[in-house]
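K.L.:
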Amino acid sequence: MNQQISYTEAFEELKGIVSEIDRKEISVDALAEKVKRAAQLIKICKAKLDSTEEDVNRILKELDAVVSATS
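All residue numbers for the sequence shown refer to our numbering, where the first residue is 374 and numbers rise by one.
#1: If the criterion is Cβ atoms closer than 8 Å, does the pair Ala411 and Leu387 meet it?
#2: Look at Lys319 and Tyr380 and say whether their C-beta atoms are less than 8 Å apart.
#3: Assign Met374 to one of three DSSP states: helix, strand, or coil.
#4: Which stretch, first to last residue, makes up the alpha helix (DSSP H) that contains Glu406?
#5: With a cut-off of 8 Å on the beta carbons, I'd call Ile390 and Lys407 a contact; round off their distance for me.
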């Protein structure tokens, strides 16, 4: 999977990896790959959250401008 997955997909996959590690269902040999994948998923989630925050802030500024113009 790549950066094109949704936030929900990335988050669910990340939860699965964490769950495997917590339950000790993962071999030491596979642990490094799982940690690398988890890091990728965290970056994807963070990028999507940052982008959403920027969008929300932009929309709020636009709404403030409209409200100020009509006041």
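Yeah, the Cβ is synthetic: ideal placement off N, Cα and C, and Gly gets one too. The model shown is predicted, which means the values in this text are computed figures rather than measured ones.
P.N.:
Reading it off the structure:
#1: Position 38 of the sequence shown, counted from the start, is the residue given in the question as residue 411. Position 14 of the sequence shown, counted from the start, is the residue given in the question as residue 387. Yes.
#2: Only positions 374 to 444 of the chain appear in this structure, which leaves residue 319 out of reach.
#3: Position 1 of the sequence shown, counted from the start, is the residue given in the question as residue 374. Any reading at Met374 must be qualified, since the residue scores a pLDDT of 44, below 50, and its modelled position is unreliable; the value itself is stated next. DSSP, read as helix, strand or coil, puts Met374 in coil.
#4: On the sequence shown, position 33 is the one that residue 406 refers to. Val401 to Thr443 is the span of the alpha helix (DSSP H), which, as asked, contains Glu406.
#5: Locating residue 390 in the sequence shown gives position 17, where the first residue counts as 1. Locating residue 407 in the sequence shown gives position 34, where the first residue counts as 1. The Cβ separation is near 5 Å, so the contact holds.
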